[in-house]
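Student: For the sequence shown, the numbering used here begins at 103 and goes up steadily by one.
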Amino acid sequence: MSNSQKITIMLEQLEQWSVAFADFVWGLPLIILLLGGGLFFALYSRFLPYRHFGHAIGIVLGKHDTPDQPG
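#1: Using the Cα positions of Val-121 and Ile-159, report the straight-line distance between them to the nearest angstrom.
#2: Would you identify the three-state DSSP class for Ser-147, choosing helix, strand or coil?
#3: List in chain order: all unbroken alpha helix (DSSP H) runs of 4+ residues lying wholly within the region 107-162.
#4: Please report how far the alpha carbon of Leu-129 lies from the alpha carbon of Lys-165, in whole angstroms.
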């Protein structure tokens, strides 16, 4: 068996391992990590973005503007 054949076999095996690892990681572990991270940051910020969401929508809709303001 030549060196190029050995390298080809090694690379094919490495590809199989990396595909198996990627398939595993992109499943349930990633969902748990994303949900856990989102929950952590929501708790850490004391739900700040969600507490002021109504105010943000009001600003976008123009409810907090006065006609005499510049801009």
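No residue lacks a Cβ here, since even glycine has one placed at the ideal position from N, Cα and C.
Tutor: Answer, in terms of the structure:
#1: 44 Å
#2: coil
#3: 130-146, 150-153
#4: Reading off the sequence shown, one finds Gly at residue 129, where the question assumed Leu. Gly-129 and Lys-165: Cα-Cα distance of roughly 43 Å.
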